[in-house]
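Here's the structure, in structure tokens; my notes come after.
Number of protein chains: 2
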Amino acid sequence: MYFPSWLSQLYRGLSRPIRRTTQPIWGSLYRSLLQSSQRRIPEFSSFVVRTNTCGELRSSHLGQEVTLCGWIQYRRQNTFLVLRDFDGLVQVIIPQDEKMPTGEIEIKVKTAELLNACKKLPFEIKNFVKKTEALRLQYRYLDLRSFQMQYNLRLRSQMVMKMREYLCNLHGFVDIETPTLFKRTPGGAKEFLVPSREPGKFYSLPQSPQQFKQLLMVGGLDRYFQVARCYRDEGSRPDRQPEFTQIDIEMSFVDQTGIQSLIEGLLQYSWPNDKDPVVVPFPTMTFAEVLATYGTDKPDTRFGMKIIDISDVFRNTEIGFLQDALSKPHGTVKAICIPEGAKYLKRKDIESIRNFAADHFNQEILPVFLNANRNWNSPVANFIMESQRLELIRLMETQEEDVVLLTAGEHNKACSLLGKLRLECADLLETRGVVLRDPTLFSFLWVVDFPLFLPKEENPRELESAHHPFTAPHPSDIHLLYTEPKKARSQHYDLVLNGNEIGGGSIRIHNAELQRYILATLLKEDVKMLSHLLQALDYGAPPHGGIALGLDRLICLVTGSPSIRDVIAFPKSFRGHDLMSNTPDSVPPEELKPYHIRVSKPTDSKAERAH
Amino acid sequence: MYFPSWLSQLYRGLSRPIRRTTQPIWGSLYRSLLQSSQRRIPEFSSFVVRTNTCGELRSSHLGQEVTLCGWIQYRRQNTFLVLRDFDGLVQVIIPQDEKMPTGEIEIKVKTAELLNACKKLPFEIKNFVKKTEALRLQYRYLDLRSFQMQYNLRLRSQMVMKMREYLCNLHGFVDIETPTLFKRTPGGAKEFLVPSREPGKFYSLPQSPQQFKQLLMVGGLDRYFQVARCYRDEGSRPDRQPEFTQIDIEMSFVDQTGIQSLIEGLLQYSWPNDKDPVVVPFPTMTFAEVLATYGTDKPDTRFGMKIIDISDVFRNTEIGFLQDALSKPHGTVKAICIPEGAKYLKRKDIESIRNFAADHFNQEILPVFLNANRNWNSPVANFIMESQRLELIRLMETQEEDVVLLTAGEHNKACSLLGKLRLECADLLETRGVVLRDPTLFSFLWVVDFPLFLPKEENPRELESAHHPFTAPHPSDIHLLYTEPKKARSQHYDLVLNGNEIGGGSIRIHNAELQRYILATLLKEDVKMLSHLLQALDYGAPPHGGIALGLDRLICLVTGSPSIRDVIAFPKSFRGHDLMSNTPDSVPPEELKPYHIRVSKPTDSKAERAH
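For the protein sequence lines, the chains are A and B, in the order given. Under this note's numbering, the first sequence has 92 at position 92, and the numbering climbs by one with no breaks. Under this note's numbering, the second sequence has 1207 at position 207, and the numbering climbs by one with no breaks.
What follows is the structure, given as structure tokens:
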């Protein structure tokens, strides 16, 4: 095949693994993904007129007659065409005379047919052409032609397929579809409504199949999964979609470790061949541990800079604000160490860090620079004794040129602040060229032992579920439900990948009495709306638990995409609009009538008030 | 294992193929389904505490220690338990002394734990217990425990899984999810609305991913499929669901025969092992042929009783109403032959057939009985000449004891009537013990060459699409679009199984100009609402076509279920209600506010008129 030099360069790129998201991904990558697996390569040309895809032809095809279908990528003097499909590019020569171009192979046209004309495109289908996201969304059907979008969507399809094989064929799960037109859940303020033809009666688009999957367990379908469409109306939020997809799983007779092993196996089995393999089992940390160590319940564990408790070093300090903090309940002194911070962080970085801490956390941050001669450079250097200094260096594993950021205050608050600064500083260091977070690394973590309840934001003396009211309490903490429910831990678990929560689940309550007690007595919910579920638990519900993985986010991380919109064929804008078709749209009043609703415009409600 | 005699009988039932839907299906059928295929049996006990399922144990397990989880089906004197899970039943003995029951194997309890108590069930989980459908739907989570529902849902899961393997792994299709919150389509009066947070702006739940799949073709994703959730608000209709599922497929560079071969291969590959294999290719008939032969576009081809045109026999008849009919345009004489009708049809059956024809079609039906001595018994027997008689017997292949039903009139009307009577008579004969339609037989048929347009019901001088406006015209009929569009045939095709339409699709229009002409000039549609699709066609849309299979109906037919509600985990009642949770339900006014809608109750509209 004849390749002009620029094309040959593109193709040589294929044999290199994709290391960074900014590196362009070219055609045929999908095929190479398939080739490296043990599976047979699908027949891409069955049932259609073409005999081969554009990216498929090699010198082994020499002399064969082929039929290709594709888009014209380039045309030169009506002699050369470069044809493109999802699989790659190929040069076609329309014979003028018997001249022979160099290269491995050429396609000599016998007959050619123009299948459709094409208006001038709003942007060219070439990787190096930059376009705004608004333009990409408006012409989504053109953006989908890019090799990057082809790769993302095809990888997504393949990964989900492997998950299905693992669940259905290897482990006997049953793929069951559950309704999306359902009843609203208590407190389901984020649920889209769907008016019915009965006056005043509405369906609701559920946020997850939670109730159904539990009912399936009661129904003896003891291994359920579904690639489930879910809905959440959160108004405008960046990188969220009003409809999204989760890998939804529920099992009977299972415990937390069972679900964890299942998911580890699932990810290992379905992981793309062109990425480093997944190592199992994943590490597990408790909620208390991740908060103390990373200041967040979804830590990015690809790098260190952990939070260290240095309270003991300062028990007898003369530094006022440390003394003050330590004298209060839950008072602590905490610090993180920024490796080579002295080299990479500027004075104004430190200033903005201190301002951020003051503005958002009402906390003081004390920077301590460790010079090359291991001397302290800090506003409080003179108040730190030599023994304290050595102990600090030991605890923090501080090296030359490092910077320690120190704060004092209530445990949770100090941790949250340092957790934020840890990420901020990592961003800063990376903009200065330090590689802290390897983009080829996938660092999974289980977070367990969450609290079962949290104080309500509106009224901290009341309780709300930390996750949802069906979560089972930790077996060791059941007695606390009747004495100090705030202290009870749950059997909820989160799966975290590179600082993103990609899944969450729990062992559920299968005892109707306990479920009623939690709903009615502890949470003061209206149990009437859940009477069908409570009744179901009464009829011999088996012990059960499950999990849901956020598919869009997972694929986004696997493909290294900047946004989940890059792994969804037709995403909405962050305001919930489809920019291609102008959705949502107005509806003529006569089409609202069958649903017994009227639009109440701002003027309407004014008129109402005037009555 | 020890089986009491009644249990042993149930199990022996397993080795027999299921011949009729009324025959009960017992546990372990799902396992036998798996065993007969080439696939490995999934691990049903991975990740959980049980070591085996109840239906799995055989004498080969003798002496092993096992852990089982299940529901207590029977209990006798606290000595015997019969435990049930999806896979079957097993007897457990709680040792009292060393007595040894007869049978192959027994499970001697070491420890037992009651996992949950169970209130008195509203109905027992036994096949022979009859319950109303309302009760089944109200306690769906209990109904799901029946071996029949377990079999249906597990077969559905497995069949869809095989379809995915065929499409993804064998033929390179990409599974792509498309949005369900979209813009309403022109004339989409059956689309549910979803109010957005923007005043007066609505999403719509689409009836199919039609637009998206075409846009994916424009986007170069040239082999798309999706197991797609679709929505249609048809109010109360028996055996329809407001949400349903279709196997949605679209391909580029394909023609009608390509799609047909794909689907034949798909069904053959995914067909359950416990049914007779699917024979391909499926026969094909044109729309004109099926109408003439079966009086319907979805004929049940498991049996004959075809419509025969006998106009030529009566060209010179003296029978007035035949003369009259033949003198009019498209006037015909048609008949069907009911085998052994003289034996099985009673005088009052014939009377009710004649009344039906008069009431619903304003047509006369003439019954002709062929006696054992091959004499005619008919009101008009004297007016039929011997030559006509012989010709009729030859054309209709009439045998002794048969009944011929004869009618005269306009071709389409006569065919439609006889098509209805053909099914009515088949029902009648089957209630009298004649087996006309073998329930183990799956008779597929392609119907092609549909008309592209139909006269509008409200205004027969205007046209509407016979299927949808994106259907391509038949290549031989493109010129007719500009002269006699009513006569143009389309490239639409339907797949029919045993008298049910289970799929339909078409080659689409990929030329923007032709699409605009059809939409604006012929159909007088508002093209503004489809401007994004028209624009997409302008940018080099490839030739493409596709199909959608109705999954619920297909599984219903495969499992021989009386209703699609039996192959859906949580179906709605025919009025669109979820009887388990009381859905749809009212919503407090404050939850309507964010969506800028108000309920307009009948009193409201009265008030409006009074203004």
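A virtual CB, placed ideally from N, CA and C, is assigned to each residue, including glycine.
Test: residue i CB closer than 9 Å to a CB of chain A
i	result
residue 1073(B)	no
residue 1564(B)	no
residue 1176(B)	yes
residue 1600(B)	yes
residue 1556(B)	no
residue 1285(B)	no
residue 1471(B)	no
Chain-order list of residues whose beta-carbon lies under 8 Å from that of residue i (same chain, five-residue window excluded)
i	result
residue 398(A)	337, 370, 392, 404
residue 218(A)	536, 537, 539, 540, 541, 542
residue 1502(B)	1495, 1496, 1549, 1550, 1553, 1554, 1557
DSSP three-state assignment for residue i, whether helix, strand or coil
i	result
residue 1046(B)	coil
residue 1139(B)	coil
residue 1128(B)	coil
residue 425(A)	helix
residue 529(A)	helix
residue 1149(B)	helix
residue 1103(B)	Because the pLDDT of residue 1103(B) is 39, which lies under 50, any placement of that residue in the model is unreliable, and the number read from its coordinates should be weighed accordingly. Here residue 1103(B) sits in coil by DSSP.
residue 1054(B)	coil
residue 13(A)	In this prediction, residue 13(A) has a pLDDT of 23, which is less than 50 and means its spatial position is unreliable; what the coordinates show is noted afterwards. Here residue 13(A) sits in helix by DSSP.
residue 335(A)	strand
residue 1549(B)	strand
residue 252(A)	strand
Buried versus exposed, by CB contacts within 10 Å (16 or more), residue i
i	result
residue 1114(B)	exposed
residue 1300(B)	buried
residue 559(A)	buried
residue 377(A)	exposed
residue 555(A)	buried
residue 628(A)	Lying before the first or after the last residue shown, residue 628(A) is absent from chain A, which here runs from 1 to 611.
residue 130(A)	exposed
residue 1355(B)	exposed
residue 1483(B)	exposed
residue 63(A)	exposed
residue 490(A)	buried
Residue-level contact to chain B via CB, residue i, 9 Å cutoff
i	result
residue 428(A)	no
residue 574(A)	no
residue 25(A)	Confidence is the limiting factor: at residue 25(A) the pLDDT is only 36, short of 50, which leaves the residue's position unreliable, though a coordinate-based value still follows. Residue 25(A) does not count as touching chain B.
residue 182(A)	yes
residue 607(A)	Here residue 607(A) scores only 44 on pLDDT, less than 50, and its place in the model is too uncertain to base an answer on.
residue 597(A)	yes
residue 201(A)	yes
residue 524(A)	no
7 Å CB neighbourhood of residue i in its chain, flanking five on each side removed
i	result
residue 367(A)	350, 378, 403, 405
residue 618(A)	Since the displayed chain A opens at 1 and closes at 611, residue 618(A) lies outside it and no answer follows.
residue 193(A)	202, 204
residue 302(A)	437, 438, 441, 443, 498
residue 1468(B)	1210
Supposed contact pair residue j and residue i - C-beta distance, whole angstroms, cut 8 Å
i	j	result
residue 1513(B)	residue 1519(B)	Between residue 1519(B) and residue 1513(B) the Cβ distance is about 11 Å, and since that is not below 8 Å, they are no contact.
residue 545(A)	residue 251(A)	6 Å
residue 504(A)	residue 410(A)	Going by Cβ atoms, the distance from residue 504(A) to residue 410(A) rounds to 27 Å, so no, they are not a contact pair.
residue 286(A)	residue 448(A)	6 Å
Contact set for residue i: own chain, Cβ-Cβ below 6 Å, skip 5 residues either direction
i	result
residue 1278(B)	1267, 1268, 1271
residue 419(A)	294, 295, 296
residue 1086(B)	1150
residue 1480(B)	1487, 1488
residue 1444(B)	1282, 1497
residue 308(A)	335, 395, 396
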